[in-house]
Amino acid sequence: MCGIIGINSNKPVSSTIINSLKKLEYRGYDSAGIATLYDGLIDEVKSEGRVNNLEKNSLVQSMKGTIGIGHVRWATHGLPNSINAHPHSSQYVSVVHNGIIENSTLLKKFLISKGHNFKSQTDTEVIVHLITENLKTENIVNSIKKTLKSLQGSFALGIVFKDQPDLIVGARRGSPLAVGYGPNENYLGSDSYALKSMTNKITYLNDGEFCIIKKDHVEFFDEDGVKVNKKVLELSSEEKSYDKGDYKHFMAKEIEEQPTTLKNGIKEYIDNSNNDINIYNFPWKTNEINAITLIGCGTAYHSCLMAKYWFEELTSLDVSIDIASEFRYRKNRFKKNSLYVFVSQSGETADTYAALDLCNQNNMKTCSIVNVIESSIARDSKFVLPIHCGTEIGVASTKAFLGQMLILYIFALKIGLLRKDIIKEKFTEKIKDLKTLPKLVEQTLLTDNKIQTISTTFNEAKGSMFLGRGFSYPIALEGALKLKELSYIHAEGYPAGEMKHGPLALIEEGMPVVILAPRDSYYKKTISNMQEVIARGAKVLLITNKSKDEVISENIWEKVEVESTNDDLLPFLLTIPLQKLAYYSALKKGYDIDKPRNLAKSVTVE
Ligand code: AGP
């Protein structure tokens, strides 16, 4: 989704801004732009498509400004073309914006009545004209304060002013924004990943705050324009150089990294010598909690659904799950003894953040399971369980999904033990099995060749279905989502037992259907459902686990076998061939695997 970079330096900034914008590319975008200030003039260049197009523009190469802002845009209001790309500028001010201004139509009417002319179809342009209007009567701080108070909706902003050669303004409400500190220069960024290549010293703005960035210092203000003191955080530099290595795509690398990332997660939480789980400083007693609500979006929601099965199996808690965009607008019955868990790779997903914020406002117990530990969701949760799977760049979440499931499983086991819902022997047995998971994932990754061949059939079909029961149902949903987002093939995930209540009508001769039927307690039932789709002409790809007992069915099109382990852990293994199926299918179609069309890695608008 949109990304912001700002640099105030003594040296020309255009090439550093371009390089930083490249770091933001993974978020998903459709146009890019830059504005620098030189000799009392704002130079602005924008282009449709990739940052490369912008970089090639000779005007960008000749930019001499030592202060500037850059942006990658994911279109919300107006087509993804160079006119609507950011920055948007008047004669006096230039603005980049992440988020949505909900009252832009009304503000535009007012500004037109004051004589302002609009060039784009964007909501952002109203901010430019509002600041310009307010500057007629106010100084910088007051004009910003007044402008921000007029805006409804969400925003992170970077602003430069024609007659202010040593000043960038940053402001945030709802969308993340950070300030970075360098030697004789300072930075603004919507994402610590982009700032990390320049500095590891960072300050995050809180909602409602704005800042003035000069070369040698930064001042912060609350929404009333009162100065506030902020902490400078030192980020770990370990992930500074995360790249594709020899892989064609980040996604391919991230799939193959899963044995290592699971090992890291296990190392962080499992006490090897005692076969116990370490969760330090959990702020509540487990007997203060009798219910748990798990909330996320997309893949993170699928890991919540998975966790519902584990929590119900391993604890006596009441378990509910929710899609964040639904939860945030419903009339929720907040319960004192409930724990609200927010699952997110990026920790910046706008809907998940809003759901967390709502729970915090209602004084609920909030906990997050996130990958990016500097993120807004992590910072504003009362307790955080990091995923520890490292930077994930591919828009399609892979290693973070397995990481989220790992932590949720560990959390369920520990709560089950503390509440005495499971006995110590059973707990120890499960920990021992868990420690073998990275190796099993490594072996399951070897199913590569077969999946490559199979993917052709999916590419030729009009649509496909992914079916599973029990622990395999969330994985069916995740498999269908992966195929949709990468190969743009219609794919539906369904509980296998629901087929005859409607979706069976979709099955026709030759339709590829993935059946997830590991040998768990649902196996026989799922195999019966498989026969029902085969009888109606489906081409069934059966994904099961290795066993000495053959599957009794003559008409299976293809079979892929994952390794065997206890029922709780099979979902991790079933996920692997589905990730690969989506990857190879998109690869054969020649699609942009790491940046699928219309999608963004960090969904910072609702
Ligand atoms: C996953 O492949 C998706 N790209 C998407 O569903 C993602 O999981 C969702 O947007 C939530 O993101 P988060 O984990 O960063 O909150």
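All residue numbers for the sequence shown refer to our numbering, where the first residue is 28 and numbers rise by one. All C-beta atoms, glycine included, are put in the ideal place defined by N, C-alpha and C.
Local Cβ density within 10 Å of residue i, reported as buried at 16 or more and exposed below that
{"i": "Lys622", "result": "buried"}
{"i": "Phe361", "result": "exposed"}
{"i": "Ser371", "result": "buried"}
{"i": "Leu464", "result": "buried"}
{"i": "Gly126", "result": "buried"}
{"i": "Tyr610", "result": "buried"}
{"i": "Ala334", "result": "buried"}
{"i": "Lys392", "result": "buried"}
{"i": "Leu473", "result": "exposed"}
{"i": "Val123", "result": "buried"}
{"i": "Pro604", "result": "buried"}
{"i": "His276", "result": "buried"}
{"i": "Leu383", "result": "buried"}
{"i": "Tyr307", "result": "exposed"}
{"i": "Glu487", "result": "exposed"}
{"i": "Thr132", "result": "exposed"}
{"i": "His156", "result": "buried"}
{"i": "Pro545", "result": "buried"}
{"i": "Asp70", "result": "buried"}
{"i": "Asp166", "result": "The sequence given here places Asn at residue 166; Asp does not occur at that position. The residue in question, Asn166, is exposed, as its Cβ has fewer than 16 Cβ neighbours within 10 Å."}
Option in the options with minimal Cα separation from residue i
{"i": "Leu331", "options": "Gly180, Tyr53, Met432, Pro413", "result": "The sequence given here has Cys at residue 331, not Leu. Answer by Cα proximity: Met432."}
{"i": "Phe454", "options": "Asn256, Tyr436, Lys466, Glu469", "result": "Tyr436"}
{"i": "Ile561", "options": "Ser219, Asn572, Ile542", "result": "Ile542"}
{"i": "Lys312", "options": "Leu184, Lys441, Pro604, Val187", "result": "Lys441"}
{"i": "Thr230", "options": "Arg406, Lys509, Leu472", "result": "Arg406"}
{"i": "Pro413", "options": "Asp243, Ser424, Ile434, Glu452", "result": "Ile434"}
{"i": "Ile110", "options": "Leu81, Lys146, Leu138", "result": "Lys146"}
{"i": "Thr326", "options": "Glu487, Lys426, Leu222, Ile306", "result": "Lys426"}
{"i": "Ala423", "options": "Val630, Thr164, Lys91", "result": "Val630"}
{"i": "Met526", "options": "Glu559, Lys509, Tyr549", "result": "Glu559"}
{"i": "Val399", "options": "Asn291, Gly97, Asp218, Glu160", "result": "Asp218"}
{"i": "Glu452", "options": "Pro39, Leu138, Ile96, Asp303", "result": "Asp303"}
{"i": "Cys29", "options": "Glu52, Ile45, Asn37", "result": "Glu52"}
{"i": "Asp576", "options": "Glu588, Leu568, Val567, Val468", "result": "Glu588"}
{"i": "Tyr119", "options": "Asn80, Pro192, Phe137", "result": "Pro192"}
{"i": "Gln470", "options": "Tyr274, Asn227, Asn572", "result": "Asn572"}
{"i": "Leu601", "options": "Leu569, Lys447, Leu289", "result": "Leu569"}
{"i": "Trp337", "options": "Gly497, Pro310, Asn359", "result": "Gly497"}
{"i": "Leu634", "options": "Pro501, Thr480, Met492", "result": "An answer regarding residue 634 cannot be provided, because it is not within the stretch 28 to 633 covered by the chain."}
{"i": "Gly524", "options": "Phe493, Glu535, Glu505", "result": "Phe493"}
{"i": "Glu284", "options": "Tyr65, Lys363, Val168, Cys416", "result": "Cys416"}
{"i": "Leu81", "options": "Glu236, His104, Leu68, Pro114", "result": "Pro114"}
{"i": "Asn582", "options": "Arg563, Asp595, Pro598", "result": "Arg563"}
{"i": "Val87", "options": "Val99, Val40, Asn389, Gly55", "result": "Val40"}
{"i": "His98", "options": "Ser117, Val567, Asn108, Ser58", "result": "Ser58"}
{"i": "Asp150", "options": "Lys172, Leu162, Ala112, Lys163", "result": "Ala112"}
{"i": "Phe599", "options": "Gly201, Ile502, Ile554, Glu315", "result": "Ile502"}
{"i": "Ile635", "options": "Lys290, Ile94, Pro522", "result": "Nothing about residue 635 can be read from this structure; the chain reaches only from 28 to 633."}
Bridge-paired residues (DSSP) for residue i
{"i": "Met492", "result": "Glu519, Val540"}
{"i": "Pro545", "result": "None, per the DSSP bridge assignment."}
{"i": "Ile322", "result": "Asp349, Phe369"}
{"i": "Val199", "result": "Sequence check: residue 199 is Arg here, not Val. DSSP output for Arg199 lists Ala183 as bridge partner(s)."}
{"i": "Ser629", "result": "BP columns for Ser629 are empty, so no partner."}
{"i": "Cys394", "result": "Val368, Phe410"}
{"i": "Ser205", "result": "Strictly speaking, residue 205 in this sequence is Ala, with Ser absent from that position. DSSP, once it has assigned bridges, lists Gly216, Tyr231 as partnering Ala205."}
{"i": "Glu246", "result": "Ile239"}
{"i": "Leu260", "result": "Ile229"}
{"i": "Arg100", "result": "Ser58"}
{"i": "His115", "result": "Val122"}
{"i": "Phe188", "result": "Val120"}
Bounding residues of the beta strand (DSSP E) (the contiguous stretch that carries residue i)
{"i": "Leu510", "result": "Taken as a continuous stretch (DSSP letters only), Leu510 belongs to no beta strand (DSSP E), being part of the alpha helix (DSSP H) at 500-514."}
{"i": "Leu215", "result": "212-216"}
{"i": "Ile478", "result": "Segment 475-487 is the alpha helix (DSSP H) holding Ile478; no beta strand (DSSP E) there."}
{"i": "Ser58", "result": "58-65"}
{"i": "Asp70", "result": "68-75"}
{"i": "Ile239", "result": "237-240"}
{"i": "Asn1", "result": "Nothing about residue 1 can be read from this structure; the chain reaches only from 28 to 633."}
{"i": "Glu585", "result": "585-589"}
{"i": "Asn572", "result": "566-572"}
{"i": "Ile31", "result": "30-35"}
Endpoints, the alpha helix (DSSP H) within which residue i is located
{"i": "Phe438", "result": "426-445"}
{"i": "Thr43", "result": "41-51"}
{"i": "Asn79", "result": "78-83"}
{"i": "Asn556", "result": "550-561"}
{"i": "Phe137", "result": "131-140"}
{"i": "Lys459", "result": "451-462"}
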